Amino acid sequence: MLDIKFIRENLDVVKMAAVKKKITIDLDRLVVVDDARKALMTTIETRKAEQNRVSSDIASATDAAVRTQLITEMQAVKIEIQADEEKLKPLMEEWKTLMLQVPNVPDMTVPDGDSDADNVEIRTWGEQTKFAFESKDHVEIMLKHGMVDFERGAKVHGFRGYYMLGDGARLMWAIWNYANDFFSARDFVQMIPPTIVRKSNLYGTGHLPNDADDVYRTQDEDYLIGTSEVPGMGFYSDEILEQSQLPVKFMAFSPCFRREAGSHSKDVKGLIRVHEFYKVEQIIICEASHEESVKWHEEITNNSEEFMQSLGIPHHVVLNCGADIGQGQVKKYDIEAWVP
RNA sequence: GGAGGAUUGGGUGAGUGGUUGAAACCAACGGUUUACUAAACCGUCGGGCCCUAACCGGCCUCGUGAGUUCGAAUCUCACAUCCUCCGCCA
Numbered sequence: 002m003l004d005i006k007f008i009r010e011n012l013d014v015v016k017m018a019a020v021k022k023k024i025t026i027d028l029d030r031l032v033v034v035d036d037a038r039k040a041l042m043t044t045i046e047t048r049k050a051e052q053n054r055v056s057s058d059i060a061s062a063t064d065a066a067v068r069t070q071l072i073t074e075m076q077a078v079k080i081e082i083q084a085d086e087e088k089l090k091p092l093m094e095e096w097k098t099l100m101l102q103v104p105n106v107p108d109m110t111v112p113d114g115d116s117d118a119d120n121v122e123i124r125t126w127g128e129q130t131k132f133a134f135e136s137k138d139h140v141e142i143m144l145k146h147g148m149v150d151f152e153r154g155a156k157v158h159g160f161r162g163y164y165m166l167g168d169g170a171r172l173m174w175a176i177w178n179y180a181n182d183f184f185s186a187r188d189f190v191q192m193i194p195p196t197i198v199r200k201s202n203l204y205g206t207g208h209l210p211n212d213a214d215d216v217y218r219t220q221d222e223d224y225l226i227g228t229s230e231v232p233g234m235g236f237y238s239d240e241i242l243e244q245s246q247l248p249v250k251f252m253a254f255s256p257c258f259r260r261e262a263g264s265h266s267k268d269v270k271g272l273i274r275v276h277e278f279y280k281v282e283q284i285i286i287c288e289a290s291h292e293e294s295v296k297w298h299e300e301i302t303n304n305s306e307e308f309m310q311s312l313g314i315p316h317h318v319v320l321n322c323g324a325d326i327g328q329g330q331v332k333k334y335d336i337e338a339w340v341p
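FYI, the numbering used here numbers position 231 of the first sequence as 232, with every residue one higher than the one before it.
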């Protein structure tokens with residue numbers, strides 16, 4: 002969530018950010034609500050100051066009559082404060098709702114666009130593999146080798162459930178171990194986080210309220226993470242770090258849970274858009290400046306590319322357009338493998 | 001799931017309704033002294049918000065949220081976390 006001061010001082014920039022990200026939000030309304038909020042709070046605080054001042058007079062008053070009179074006066078002030086606080090409540094509701102919708106300001110280089118079709122290819126690596134024969138997809142190959150079982154997966158879990166078996170399971174272990182070695186060598190601290198988290202962590206990372214339909218919720222009002230970014234960022238929440246500690250780099254490994262609501266008709270086949278999977282995530286906590294965050298984001302992207310390259314997987318890097326990045330995001334690349 | 005105890009500033013820890021945002025000690029920081037270090041002594045020392053060019057000033061904050069009261073760290077309720085014991089434990 003952006004600071005209201007920053008929003009007010011850079012209103013035009015934030016408005017342009019919303020336009021670029023195709024987010025509808027009435028920022029002028031936010032300013033109006035914020036003005037009202039500040040005015041009311043000033044009134045309340047002035048009354049409270051009076052209350053505090055007279056309270057100590059009451060404490061030191063020796064004359065019983067004076068004391069009683071002061072208390073009577075303060076009873077009236079108390080009622081006024083309570084009335085103002087009631088007025089403040091709906092104002093704060095609207096203020097918070099609007100604040101949670103304010104988009105983070107995207108980097109200059111983020112292209113304009115309406116959908117992922119407008120994403121821009123930045124660079125490619127390797128040659129797109131071409132076979133002299135008609136190739137099979139991953140589903141066919143894995144089934145043939147007993148690496149996965151979708152039918153029993155669906156029987157046990159339901160839609161898009163899967164069992165990884167034999168070499169399929171071994172391959173997953175191998176990739177995790179390989180990734181662990183790869184990123185540990187680049188000064189990332191390994192982290193295995195909790196996957197059941199409190200709501201506040203999802204607000205903190207912008208997954209709520211935006212992705213509410215995609216998040217699993219427990220009967221205790223806790224949430225299952227869709228990415229270890231959530232507990233990874235929650236790690237230092239409500240804490241203040243010394244500049245000398247930065248950047249903090251985590252390589253978090255966790256199961257991820259996603260409802261994939263509304264995506265049932267897309268990409269129907271195979272191990273994509275599943276409800277449950279495992280993921281290694283790079284997390285870097287750096288100084289809160291645009292330059293620093295973009296710099297470390299480039300490093301993360303570079304690490305991912307080199308990871309792909311070390312496996313010899315041809316790929317291209319795509320810069321996502323405004324409409325295809327999250328409300329909280331500044332810049333985003335997709336590194337897409339070229340599969341035959 | 002049940003019973004009991006706890007939660008105060010960077011740390012230890014006092015404080016059970018009224019100049020307590022909070023004693024004391026430690027740590028930290030600045031200074032005096034010192035050839036240097038140590039010691040000693042003096043001073044500073046939580047955070048957020050509002051106002052201000054700044055100073056000054058104001059509000060909030062003693063796990064969180066409500067409540068009682070003219071006034072709450074202190075009383076009431078709910079919740080969270082930690083500790084001890086019992087139960088459960090694929």
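The beta-carbon is built from N, C-alpha and C at its ideal position, and this holds for glycine as well.
Small disclaimer: the values here were computed from a predicted structure and weren't measured.
Take residue 282 as the anchor and find which of 319, 153, 99, 184 has the nearest alpha-carbon.
When only C-alpha atoms are compared, the closest one is 184.
For residue 89, collect the residues of the same chain with a Cβ closer than 8 Å to its Cβ; drop the 5 residues on either side in sequence, then sort them by chain order.
Here the set comprises 38, 41, 42, 45.
Helix, strand or coil for residue 7? Go by DSSP, reduced to three states.
Three-state DSSP puts residue 7 in a helix.
Going by DSSP, what residues sit across from residue 225 in a beta bridge?
Answer is 197.
Ignoring anything shorter than 4 residues, give me the alpha helix (DSSP H) runs that lie fully in the stretch 109-187, in order along the chain.
Counting only runs of 4 or more, we get 139-145, 151-157, 167-185.
Within 10 angstroms of the Cβ of residue 110, are there 16 or more other Cβ atoms? Answer buried if so, exposed if not.
The residue is exposed, with fewer than 16 neighbouring Cβ atoms inside 10 Å.
Write down the C-beta distance between residue 280 and residue 255 rounded to the nearest angstrom, noting that I regard them as a contact closer than 8 Å.
Yes, residue 280 and residue 255 are in contact; Cβ-Cβ is about 7 Å, under 8 Å.
Residue 316 by DSSP, collapsed to three states: which one?
If DSSP states are grouped into helix, strand and coil, residue 316 belongs with the strands.
For residue 284 versus residue 230, is the C-beta spacing smaller than 8 Å?
Taking 8 Å as the Cβ cut-off, residue 284 and residue 230 qualify as a contacting pair.
Going along the chain, which residues of its own chain have a beta-carbon closer than 6 Å to the beta-carbon of residue 270, five neighbours each way excluded?
If we look at residue 270 and ignore the five residues flanking it on each side, its Cβ neighbours are 140.
Work out the CA separation of residue 87 and residue 121 for me, nearest whole Å.
Straight-line Cα distance between these residues: approximately 50 Å.
Does residue 302 pass the burial test, meaning 16 or more other C-beta atoms within 10 Å, or should it be called exposed?
Buried, because 16 or more other Cβ atoms sit within 10 Å of the Cβ of residue 302.
Taking 8 Å as the threshold (C-beta atoms), are residue 224 and residue 200 in contact?
Yes; because the gap between Cβ atoms is below 8 Å, this pair is in contact.
Where do the ends of the beta strand (DSSP E) carrying residue 282 lie?
Start and end: 277-286.
For the ligand COA, is there any heavy atom lying closer than 7 Å to the beta carbon of residue 169?
This structure lacks the ligand COA, and indeed carries no ligand of any kind.
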